[in-house]
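Colleague: Structure incoming, see below.
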Amino acid sequence: MTRDISRRSMLKGAAAVGAAGALPMLPFAAEAADEILVGGLHDLSGFLDFAGIPMNRIMLMAIEEINAKGGLLGKKVRGVVYDPQSNMSMYSQFATQLALKDKATVVMGGITSASRETIRPIFHRFKTLYFYNTLYEGGVCDRNEISLGTTPAQTVEKLVPYTMGLWGKKVYTIAADYNYGQITAAWVKRYVEQNGGEVVSTDFFPLDVTNFGPTISKIQSAKPDMVMSVLVGSGHLGFYNQWAAAGMKNEIPIASTTFGAGGAEIEIIKPEVANGIISCYGYYPTVDTPENKAWVQQVKKRYPEKTPLLTELSAFTWEGMMIWADAVRSAGSMDRMKLLEVMESGKTYTMPSGKVSIDPKTHHAIRDVYIADLKDKQFVIKKKFSQVQPADTQLVCDLEKTPNANKHYEISLE
Amino acid sequence: MDYSLVVAIELVREVAGLILIATGLAVIFGMMRVINIAHGEFMMLGGYTVVLTTKMGVNIWVAILILAPLAVGIFGVIVERCIIRHLYGRIIDSLLATWGLSLFLIGFVTVVFGNTVEGVSNPFGGFAVGQYKVAGYTFFLIFAAVAFIASVYLTLKYTKAGLIARATMQNSDMVEALGVNSKHVYMATFGIGAAFAGLAGGLLAPISGVVPGMGALLIGKAFITVVTGGAAVVAGTLSASTILGSISQAVTFATNPVYGDAALLFVALILLRLLPQGITGRIFTRSI
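Line by line, the protein sequences give chains A and B.
Count along the first sequence starting at 1, add 504, and that's the number in this note's numbering.
Count along the second sequence starting at 1, add 542, and that's the number in this note's numbering.
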């Protein structure tokens, strides 16, 4: 009997091996005392995988880099990676697991604001240091979280006057219908009005809308000088194609707070459609500094094939790792409070994106932001703004006064 | 004036869109009474056929008009042979089986192509309507919807094959007694329904791009249209698409796409409350 290996059982075995091979990221349960564990919670599948996969690969690259330089406090750093699959219940499950079972010393991750608000309170409760490295609508007030992404006061505030100066004062906003889109659209309106312009209309779209025909007609009848796109996700990418197909490409220009943020947009949307869209982020691969050139080369060397898309999201994930590693070295300890004190001390870090420091009041980054024009899949940087404060979150949050805050404020614009 | 013309064009376009996604389902569900939950994935496969073949250098028209319906039609025949033919008359079982098929197809395509949007460039430029611009592709979609309806109508009404198909769906024993192999008729009908779905997916690919989960966005509207239309394939699809599409698009213009979709569901709800057998269950009862 034992010799009788049927074709079916062979196939079963092969399938099992295949299934195991497909899950190389599963963490090992070992709790070696000579290792420092870093948790990674990025969407590696599901509708945000295009953003999550590069973030995860850059995080792993940063871990290798730290280990190549001798690790931290004489220990090796090891990444514990879970794939929450763009699913909020898996986010909360894995966050709890990272905090309690794996006892990760720090966690990088969360992409949408929804996922962040799922895991942030968990890390707050279990006192696990947390880095959120995505651009978002601002307003998180939590001493346990370091938010490295840009907020509307850093980007929209620059993008609106710049594009209004180029194109004119009548703005038509189209935005994704969830908290990021709603709040960012409100910021757009505020900045347009502050600059003496007018938002003629703001239309919101659920993430699954793919047909923008009526909207394109409405925009044409409103005759704005420019369109501000706060659209999010793959479904909304249809807008740009339909806009170009209607021949509007050279009629009304588009600025966007999101296009190219995840990186995949510039690969999916053809240059003849995407050229000329102006955006504003804290990082572009074309930032012209020796640090950035060296970093881009480093990424290409580490991932010569399928090089991860370098965007604010992936670049800031690397920055998060480096800022954390620096804090561990300076504090000479893994103690969370000591690390926070180092990061709150107002240190300035020289990063691929420029000079970065952590605002002690909000735990958001004070950083350089850039305005870029998209040309043939390349972001041509038009203007740089140095050391921009997260002024929106500063309106509502002062962690020096309320160190125990644990809240995401919706910043009121009334 | 120009603006109302643009609005009218968009209304017709939405009606055309519903006709495109519902015709294949009307054949499979309306005629054959098979609940094909994987219908949305059939459209997705049509879209991917277009994306893949145009990447390989095939002319986009050949890809959309020939390869997409051909590939999905053949796939439909295989599905009918392997799964569906065992489940005729067992509505719940066919629902479960095609649901499983739908999940499998989404997973399979995700594994192979990744869960990202693939795009095809639009083969038409803009079109001036007074001072407005409308995508030329809009007119092509409207034309395609007319062709869909016309081809189904003419086939069912005036060809022998159409007559046999209608007869088989009404009384397959009688048709067998007259010397027709009803199994072949079922197989071909299912394949044709699938081919319509593939063609619809191919036609929609340049507008919205294709993504493994796109079927889920289409299947709901397709079913609502077919159910609201009732048993008659042509008259049902046409009347339901016209009512639902124009109302939802008018609401979209007046407000936004959320209320547009809500209006579509609301109208369907009222229609089904008043006409539980669908529009053609009460009106146009003798039509095809």
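Quick reminder that beta carbons are idealized off the backbone N, C-alpha and C, glycines included.
As the structure is a computational prediction, the values presented were derived from the model and not from experiment.
#1: Using only the alpha-carbon positions, how far apart do residue 777 of chain A and residue 759 of chain A sit?
#2: Threshold first: 4 residues or longer. Then list the alpha helix (DSSP H) segments lying entirely within the region 599-650 of chain A, N to C.
#3: Tell me whether the region 787-806 of chain A and the region 855-875 of chain A touch, counting them as touching only if at least three CB pairs, one residue from each stretch, are closer than 8 Å.
#4: Which residues bound the beta strand (DSSP E) around residue 671 of chain B?
#5: If you drop the 5 nearest sequence neighbours on each side, which residues of the same chain put their C-beta closer than 7 Å to that of residue 904 of chain A?
#6: Ignoring anything shorter than 3 residues or poking outside the region 758-812 of chain B, list the beta strand (DSSP E) runs there in chain order.
#7: Give the straight-line distance between the Cα atoms of residue 676 of chain B and residue 751 of chain A, rounded to the nearest whole angstrom.
#8: Residue 636 of chain B: buried (16+ other C-beta within 10 angstroms of its C-beta) or exposed?
#9: Quick check on residue 690 of chain B: does DSSP put it in helix, strand or coil?
#10: Any idea what DSSP makes of residue 890 of chain A, helix, strand or coil?
#11: Along the region 677-705 of chain B, what residues have a CB closer than 9 Å to any CB found in chain A?
#12: Determine the burial state of residue 589 of chain A: buried for a count of at least 16 other Cβ atoms within 10 Å of its Cβ, exposed for fewer.
#13: Note down, in chain order, every chain A residue with its Cβ under 9 Å from the Cβ of residue 546 of chain B.
#14: Less than 8 Å between CB atoms is the rule here; does residue 759 of chain B satisfy it with respect to chain A?
#15: How would you list, in chain order, the residues of chain B whose beta-carbon sits under 9 Å from the beta-carbon of residue 635 of chain A?
#16: Can you check DSSP and say which residues form a bridge with residue 702 of chain A?
#17: Relative to chain A, which residues along the region 781-794 of chain B have a C-beta separation below 8 Å, given in chain order?
#18: Please confirm whether residue 681 of chain A has its beta-carbon closer than 8 Å to some beta-carbon of chain B.
#19: Work out the CA separation of residue 699 of chain A and residue 649 of chain A for me, nearest whole Å.
#20: If you count every other CB in all the chains shown that lies within 10 Å of the CB of residue 746 of chain A, and 16 or more means buried, which is it?
#21: Give, in chain order, every unbroken run of the beta strand (DSSP E) that is at least 3 residues long and sits entirely within the region 630-676 of chain B.
#22: For residue 553 of chain A, which residues from the same chain have a beta carbon less than 7 Å from its beta carbon, with the 5 sequence-adjacent residues on both sides left out?
#23: Between residue 882 of chain A and residue 558 of chain A, what straight-line distance do the alpha-carbon atoms span, to the nearest angstrom?
#24: Excluding sequence positions up to five away, which residues of its chain have a Cβ less than 6 Å from the Cβ of residue 706 of chain A?
#25: Would you kindly check if the distance between the Cβ of residue 829 of chain A and the Cβ of residue 843 of chain A is under 8 Å?
#26: By the three-class DSSP mapping on this structure, what secondary structure does residue 871 of chain A have?
#27: Pick from B:741, B:679 and B:781: whose alpha carbon is nearest that of residue 551 of chain B?
#28: With DSSP as the reference, label residue 732 of chain B as helix, strand or coil.
#29: Quick one: grab the DSSP three-state call for residue 546 of chain A.
#30: When the distance is taken between beta carbons, is residue 827 of chain B closer than 8 Å to residue 569 of chain B?
#31: At what residues does the beta strand (DSSP E) containing residue 796 of chain A begin and finish?
#32: Of the residues A:803, A:902 and A:910, which one's Cα is nearest the Cα of residue 561 of chain A?
#33: Kindly indicate if chain A contains any beta-carbon less than 8 Å away from that of residue 611 of chain B.
#34: Please report the straight-line C-alpha distance between residue 827 of chain A and residue 785 of chain A, rounded to a whole angstrom.
#35: Is the beta carbon of residue 742 of chain B less than 8 Å from the beta carbon of residue 573 of chain B?
#36: Along chain B, which residues have their Cβ under 9 Å away from the Cβ of residue 741 of chain A?
Modeller: Straight from the coordinates:
#1: 13 Å
#2: 617-629
#3: yes
#4: 668-671
#5: 864 and 865
#6: none
#7: 8 Å
#8: buried
#9: helix
#10: strand
#11: 677, 678, 679 and 680
#12: buried
#13: Simply none; closest approach about 10 Å.
#14: yes
#15: None at all; the shortest Cβ gap to chain B is about 25 Å.
#16: A:674
#17: 791 and 794
#18: yes
#19: 33 Å
#20: buried
#21: 668-671
#22: 547
#23: 18 Å
#24: 677 and 689
#25: no
#26: strand
#27: B:679
#28: helix
#29: coil
#30: no
#31: Residue 796 of chain A -> not in any beta strand (DSSP E); alpha helix (DSSP H) instead, spanning 794-806.
#32: A:803
#33: no
#34: 20 Å
#35: no
#36: 659, 661, 750 and 751
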